[in-house]
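Taking it in order: structure first as C-alpha cells, then the write-up.
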Amino acid sequence: MVKPYTPNIERMATRLNVDENIAFAYPYSKRSNYKSVAQEILNNKTAGLSLPDGEKTSYLLKAVYCGPEDFQKQPESVELREIMKSGYFWLFQRNLWIPEKYKSSHGVFVVYDEKGIGTSEELDIGELEKALKGGRELKNGIKFSEDDKIGFAPRDTYNEGEMSPEDFANDGFIIVSNKEQGARNLAGVSQSRHFKNKKPRSWIVNPDKELIQTVSAVGYGRYWVDYRLDFGGCHDDFRFGFASGVLVSGEARAN
5 MVKPYTPNIE RMATRLNVDE NIAFAYPYSK RSNYKSVAQE ILNNKTAGLS LPDGEKTSYL
65 LKAVYCGPED FQKQPESVEL REIMKSGYFW LFQRNLWIPE KYKSSHGVFV VYDEKGIGTS
125 EELDIGELEK ALKGGRELKN GIKFSEDDKI GFAPRDTYNE GEMSPEDFAN DGFIIVSNKE
185 QGARNLAGVS QSRHFKNKKP RSWIVNPDKE LIQTVSAVGY GRYWVDYRLD FGGCHDDFRF
245 GFASGVLVSG EARAN
C-alpha cells in the first residue's frame, strides 16, 4: 500500500507541495480573464512555471480542502478557499463540444492548453481524432491520447447538474477533464467540511447544430448560499478568475 503524501508549504521557496511530483507557486495570480492569467504565469521566466490542468489542480484542491488540519489552516490554504468563494480557479484546457450530427464524435474533446490560447483558435475534429489513435481507451468509450493531453468523452458518458460524489467521480466529462484519479480527488473535495452542500455540480454545453468551444474552471456553487463544488465546462475565456502556476510537473501518484 502506498503511503499517502503529506502536503506541505515551503515559504522560503514560495511553493505548495501537494503531491509527490506536483508543486504550485505562491502567491496566486491576479484576478483576470483566462488569457491574462495564463500570460502572467507563463511570463514568470525565473520560476519557469507551466499552466495547470484539471488533474494537477485537483491535487491542489485536495490538499487545501482535505489535507492535514495544519495544512488546511495555513494562510495560503485559507486564501485559496476564499478565492474559490468569490471567483473561479481557471483550468487551462480547451473544450470542443460536438453536436449529434457528427455521430461517432458526438460528445466533448478536452485539450490541455499549455500556451493559454483559450477560444481564440479553432480546434479541428479530424486532428483531434487522429491524436487519439495509439492512446488508451476506457471501457465506456472515453479516450486519451498517448501523451494524455487530449481526451474525448462520448455524450452518453456525462450529465449535467448536481450529482452524488460517486456519480461525479464516474462522469465522463469530469474524467476526461481531470483523468481518473483527478475525478476521484474532486469527488472527495466535494465532501469537505468547507462545503455545506455535498452534491457537486457539473456545467456542460449541449450544442444543437454547431460546434462550441469553451474553457473550464472550478469554483463554488452559490445557490441560496448553499456552497457546493462547481465544475464549469461552459465558460468563455473573458470571465475573471485566478490560477496558480505549476512548479513541478510529472505523473500524479494515485493515493
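One gets the numbering used here by counting positions in the sequence shown from 1 and adding 4 to each. Don't be surprised by glycine CBs; every beta carbon is placed ideally from N, CA and C. Given the structure is predicted, the values throughout are model-derived calculations rather than measurements.
Going by beta carbon distance, what residues of the same chain come within less than 8 Å of GLY165, once the five residues before and after it are set aside? Excluding positions up to five away in sequence, the list reads ARG205, SER206.
Taking the alpha carbon of HIS110 as the reference point, which residue from TYR116, LYS119, ASP117, LEU100 has its own alpha carbon closest? Considering only TYR116, LYS119, ASP117, LEU100, the residue with the shortest C-alpha distance to HIS110 is LEU100.
So, under 8 Å CB-CB, ILE2 and VAL209 are touching, yes? Tell me the CB distance rounded to an integer number of Å. Residue 2 cannot be examined here, being either before or after the span of the chain that is shown, 5 to 259.
How would you write the range of the beta strand (DSSP E) that SER206 sits in, first residue to last? Counted as a single uninterrupted DSSP element, the beta strand (DSSP E) harbouring SER206 occupies residues 205-207.
Who does ILE26 pair with in a DSSP beta bridge? Beta bridge pairing from DSSP links ILE26 with ASP23.
Between the alpha carbons of CYS70 and GLU80, how many angstroms are there, rounded? Here the alpha carbons of GLU80 and CYS70 stand approximately 14 Å from one another.
Endpoints, alpha helix (DSSP H) assigned at GLN76: Where GLN76 is concerned, the enclosing alpha helix (DSSP H) stretches over 73-76.
Using beta-carbon positions only, say whether LEU127 and SER181 come within less than 9 Å of one another. Going by C-beta atoms, LEU127 is not nearer than 9 Å to SER181.
Pick helix, strand or coil for GLU141, following the three-state DSSP scheme. In the structure shown, GLU141 adopts extended strand secondary structure according to DSSP, grouped into three states.
Which runs of the beta strand (DSSP E) fall wholly inside the stretch 82-134 and span at least 3 residues, in chain order? Runs of the beta strand (DSSP E) spanning 3 or more residues and lying entirely within the stretch 82-134 occur at 92-102, 111-116, in chain order.
Sorted by chain position, which residues of the same chain lie with C-beta nearer than 7 Å to MET88's C-beta, five sequence neighbours on each side aside? Closer than 7 Å at the Cβ level, and outside the excluded window around MET88, lie GLY223, TYR224.
What is the rounded straight-line gap between the Cα of LYS60 and the Cα of LYS134? CA-to-CA, the gap between LYS60 and LYS134 works out to about 25 Å.
Using the beta-carbon count (16 or more within 10 Å), is PHE242 buried or exposed? PHE242 comes out exposed.
What number of angstroms, rounded off, separates the C-alpha of GLU150 from the C-alpha of ASP175? Between GLU150 and ASP175, the C-alpha separation is close to 21 Å.
Alpha carbon to alpha carbon, what distance is there between GLU214 and GLU170? Across the structure, GLU170 and GLU214 are spaced so that their CA atoms are roughly 32 Å apart.
Taking all protein chains shown into account, do 16 or more other C-beta atoms lie within 10 angstroms of the C-beta of ASN144, making it buried, or fewer, making it exposed? That one is exposed.
Between GLU184 and ILE129, what straight-line distance do the alpha-carbon atoms span, to the nearest angstrom? Distance between GLU184 and ILE129, taken at the CA atoms: about 23 Å.
When you compare each of ASP212, ALA29, PRO56 to TYR116 by their alpha carbons, which one comes out closest? The residue from ASP212, ALA29, PRO56 with its alpha-carbon nearest to that of TYR116 is PRO56.
Simplified DSSP state of ASN201, which is helix, strand or coil: Here ASN201 sits in coil by DSSP.
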